[in-house]
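K.L.:
Under our numbering, read the sequence shown as residues 4 to 398, first letter to last.
From the three backbone atoms N, C-alpha and C, an ideal C-beta is built for every residue, glycine too.
From a predicted model like this one, the values you see are computed outputs, not experimental measurements.
One structure is given below, represented as structure tokens, and several questions about it will come after.
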Amino acid sequence: MHDLVLTGARLGDGRQNAWLSIANGRIAAIGDDSPPAARTQISLEGDLVLPALTDAHLHLDKTLFGTPWLPHAAGPTRMSRIETDATVLPSLPRSTCDRAGALIRRCVAHGTGHLRTHVDITTAFGLKALEGVLEAKAAHAGACTVQTVAFPQAGVMRSRGAVELLDAAMRAGADLVGGIDPCEVDRDPKGQLDAVFAIASRHGVGIDIHLHEPGEMGLFSLQEICARTRAIGLQGRVAVSHGFCLGGVAESKQKSAAEMMAEAGVTLVTHGAGGSTLPPIALLRGEGVSVICGNDDIRDTWSPYGTADMLERAAVIGWRADFRTDETLEALFEMISIDGARALGIAEHGVAPGLPANLFTLPAEGVPEAIGQHPQRRMVIFGGRIVARDGIYLG
Ligand SMILES: [Zn+2]
């Protein structure tokens, strides 16, 4: 006897009126004849079934989810936002754990099963933000996976004690070590990158570096990151978030940067930032670079925007990249599902017998419509359990 059978399903490969059975947290079988007996049977009435989404870059600790609306307080520069965080975040009426939990539940209700969050590790916060996020992660372990990146938001070399704090964050349970604009923020690219890669080596973890630096400056940092990745054998475990520089240089340089990233196994994480140059997604993928996506700021101290929906995020990225054909929308879906999961080290991902039952359903005729229109998710299943219905988190 299976635990759950979903009938009347539309599958990503175009099959209609199929059924999926779930047992012991995994997809037991998929068919289009008569469904097997199960404790619970639910008709999807033609809804599309897709694998769990991956949000590979967000900031659970900075979110204002769960609090009354707070007008954006920071000035127009990144440094002003960093400084504003130090005063605004500790004064909020709800704890990091509460706010992070509220945002995790929104992510899950939109069908996201795997998250990678950056968490501020600064002298202002110490390890407090990380402790709050780890608490929220544990409370939602049955609904999604959460990876944490120890993120030196205020810099590494310019901030006394930052290296020791990052080390302490790894001991406290962070999964990866982060970095930020080694030239622009620290004005010491060698110092920051040597320190970050040394921490990764020491703790046997991967790296995810925020790289907002434009043009040639960013390209220089990217080259240094790729060289160090190859030198210490971290291929496949290093990501560069944003990489705006890739969108701001000549195509010949984009191409050689893409070849360098593919060879070093360095992933690019994009969220299609407004007001910044967009990396050439199709060119990068064409050269074999893993390109994945995240929401980044979701209604937080940095931005009033964002709903935590990765299908909507894919639509924003596709809109900016001028992706219009079904083929390019299918590529976007790979980036926010299977490619994202692979980059996060999630080995088993997809809608197929034997895989974990991490999936969601929605009223759409196929992946292109799911991205283009991103209708509300009707049902979200994680580990074989229904964790959200009609946009409401069930726990
Ligand atoms: Zn970020």
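Within this structure, are the beta carbons of THR120 and VAL91 separated by less than 9 Å?
P.N.:
Residue mapping note: residue 120 aligns to position 117 of the sequence shown, counting from 1. Residue mapping note: residue 91 aligns to position 88 of the sequence shown, counting from 1. Going by C-beta atoms, THR120 is not nearer than 9 Å to VAL91.
K.L.:
Does the segment 36-50 come close enough to the segment 274-281 that 3 or more CB-CB pairs lie under 8 Å?
P.N.:
Under the Cβ criterion (8 Å, minimum of three pairs), the segment 274-281 does not count as touching the segment 36-50.
K.L.:
Which residue from LEU362, SER306, CYS296, ALA265 puts its Cα closest to that of LEU286?
P.N.:
The residue you call residue 286 lines up with position 283 of the sequence shown. Ranking LEU362, SER306, CYS296, ALA265 by Cα distance to LEU286 puts ALA265 first.
K.L.:
Mind checking whether ALA267 and ALA230 have CB atoms under 9 Å apart?
P.N.:
Sequence index remark: in the sequence shown, residue 267 carries index 264 (1-based). Sequence index remark: in the sequence shown, residue 230 carries index 227 (1-based). It is a contact, given that the beta carbons lie within the stated cut-off.
K.L.:
Report all residues from its chain with a CB closer than 6 Å to the CB of THR115; omit the five preceding and five following residues, and keep chain order.
P.N.:
Your numbering for residue 115 matches position 112 in the sequence shown. Correct list, in chain order: LEU56, ASP58, MET313.
K.L.:
Taking the beta carbon of ASP16 as the centre, do at least 16 other beta carbons fall within 10 Å, making it buried, or is it exposed?
P.N.:
The sequence position of residue 16 within the sequence shown is 13, counting from 1. Per the 10 Å Cβ criterion, exposed.
K.L.:
How about ALA391 and PRO378: are their beta carbons less than 9 Å apart?
P.N.:
Within the sequence shown, residue 391 is the residue found at index 388, counting from 1. Within the sequence shown, residue 378 is the residue found at index 375, counting from 1. Result no, Cβ atoms of ALA391 and PRO378 do not sit closer than 9 Å.
K.L.:
Which residue or residues does DSSP assign as beta-bridge partners of THR280?
P.N.:
The residue labelled residue 280 in the question sits at position 277 within the sequence shown. In the DSSP assignment, THR280 forms no beta bridge with any residue.
K.L.:
Suppose only complete runs of 4+ residues qualify. What are the alpha helix (DSSP H) ranges in the segment 172-233, listed by chain order?
P.N.:
192-206
K.L.:
Cβ of ASP300 within 8 Å of any heavy atom in ligand 2?
P.N.:
In the structure on display, ligand 2 does not appear, and the ligands it does have are ligand 1.
K.L.:
With distance defined between alpha-carbon atoms, name the residue in ASP329, CYS100, PRO155, ILE341 nearest to MET173.
P.N.:
Position 170 of the sequence shown holds residue 173. Checking every option, the nearest Cα to that of MET173 belongs to PRO155.
K.L.:
Using a threshold of 9 Å, state whether the C-beta atoms of THR99 and ALA132 are closer than that.
P.N.:
As a working mapping, residue 99 is identified with position 96 in the sequence shown. As a working mapping, residue 132 is identified with position 129 in the sequence shown. Contact flag set, yes.
K.L.:
So, helix, strand or coil for GLN376, using DSSP?
P.N.:
Taking the first residue of the sequence shown as 1, we reach residue 376 at position 373. Three-state DSSP puts GLN376 in a helix.
K.L.:
Taking just the CA atoms, how far does GLY246 sit from LEU53?
P.N.:
Counting from one through the sequence shown, the residue named residue 53 turns up at place 50. Counting from one through the sequence shown, the residue named residue 246 turns up at place 243. So the alpha carbons of these two residues sit roughly 29 Å apart.
K.L.:
Cα separation between LEU179 and PRO79?
P.N.:
Start at 1 with the first residue of the sequence shown, and residue 179 comes out as number 176. Start at 1 with the first residue of the sequence shown, and residue 79 comes out as number 76. Rounded to whole angstroms, LEU179 and PRO79 show a C-alpha spacing of 29 Å.
K.L.:
Smallest Cα separation from ILE349: which of GLN150, GLY135, SER259?
P.N.:
Position 346 of the sequence shown, counting from 1, holds the residue named residue 349. Out of GLN150, GLY135, SER259, GLN150 has the C-alpha closest to the C-alpha of ILE349.
K.L.:
Is the distance from the Cβ of ALA21 to the Cβ of ASP35 below 9 Å?
P.N.:
Residue numbering aside, residue 21 sits at position 18 when the sequence shown is read from its first letter. Residue numbering aside, residue 35 sits at position 32 when the sequence shown is read from its first letter. Yes, the pair counts as a contact, with Cβ atoms nearer than the cut-off.
K.L.:
How would you label SER255, buried or exposed, when you count the other beta carbons within 10 angstroms and need 16 or more for buried?
P.N.:
Looking up residue 255 in the sequence shown gives position 252. So SER255 counts as exposed.
K.L.:
Would you grab the beta carbon distance between PRO283 and GLY251 for me? Rounded to a whole angstrom, and I think it's under 8 Å.
P.N.:
As a first step, residue 283 must be located in the sequence shown, where it is residue number 280. As a first step, residue 251 must be located in the sequence shown, where it is residue number 248. About 10 Å separates the two Cβ atoms, so there is no contact after all.
K.L.:
Write down every uninterrupted run of the beta strand (DSSP E) in the segment 33-64 whose length is 3 residues or greater and which is fully enclosed by it, in chain order.
P.N.:
41-46, 51-54, 56-61
K.L.:
Which same chain residues end up closer than 6 Å to LYS65 when comparing Cβ atoms and leaving out the 5 residues on each side of it in sequence?
P.N.:
Counting from one through the sequence shown, the residue named residue 65 turns up at place 62. The beta carbon of LYS65 is closer than 6 Å to those of ASP303, THR304 in its chain, skipping five residues each way along the sequence.
K.L.:
Under a Cβ-count criterion, where at least 16 other Cβ atoms within 10 Å of its own Cβ denotes burial, should GLN238 be classed as buried or exposed?
P.N.:
One-based indexing of the sequence shown puts residue 238 at position 235. GLN238 should be labelled exposed.
K.L.:
With distances taken Cα to Cα, identify the nearest neighbour of LEU63 among ARG109, GLY236, ILE212.
P.N.:
Locating residue 63 in the sequence shown gives position 60, counting from the first residue. Answer by Cα proximity: ARG109.
K.L.:
So, at 6 Å on beta carbons, what are the nonlocal neighbours of THR125 in its own chain, with the 5 sequence-adjacent residues on each side left out?
P.N.:
In the sequence shown, counting from the first residue as 1, residue 125 sits at position 122. Cβ contact annotation for THR125 (same chain, cutoff 6 Å, sequence separation greater than five): GLN156, ALA157, in chain order.
K.L.:
How would you label ASP88, buried or exposed, when you count the other beta carbons within 10 angstroms and need 16 or more for buried?
P.N.:
Taking the first residue of the sequence shown as 1, we reach residue 88 at position 85. Answer is buried; the Cβ neighbour count reaches 16.
K.L.:
Closer than 8 Å: is that where the CB of SER244 sits relative to any heavy atom of ligand 1?
P.N.:
Counting from one through the sequence shown, the residue named residue 244 turns up at place 241. SER244: yes, Cβ under 8 Å from ligand 1.
K.L.:
Which residues share a DSSP beta bridge with HIS117?
P.N.:
In the sequence shown, counting from the first residue as 1, residue 117 sits at position 114. Answer by DSSP bridge pairing, in chain order: THR57, THR148.
K.L.:
Report, in whole angstroms, the separation of the C-beta atoms of HIS213 and GLY181, which I expect to be a contact under 8 Å.
P.N.:
Taking the sequence shown and counting its residues from 1, the one referred to as residue 213 is at position 210. Taking the sequence shown and counting its residues from 1, the one referred to as residue 181 is at position 178. Yes, HIS213 and GLY181 are in contact; Cβ-Cβ is about 7 Å, under 8 Å.
K.L.:
So SER98 is in the beta strand (DSSP E); what residue range does that whole segment cover?
P.N.:
The count along the sequence shown starts at 1 and reaches residue 98 at position 95. Element bounds for SER98: n/a, residue is neither H nor E.
K.L.:
Return helix, strand or coil for TRP305, following the three-state DSSP convention.
P.N.:
In the sequence shown, counting from the first residue as 1, residue 305 sits at position 302. DSSP places TRP305 in coil when its eight states are reduced to three.
K.L.:
Can you tell which of GLN44, GLY394, GLY194 has the C-alpha that lies nearest to the C-alpha of ALA311?
P.N.:
In the sequence shown, residue 311 corresponds to position 308, counting from 1. Considering only GLN44, GLY394, GLY194, the residue with the shortest C-alpha distance to ALA311 is GLY394.
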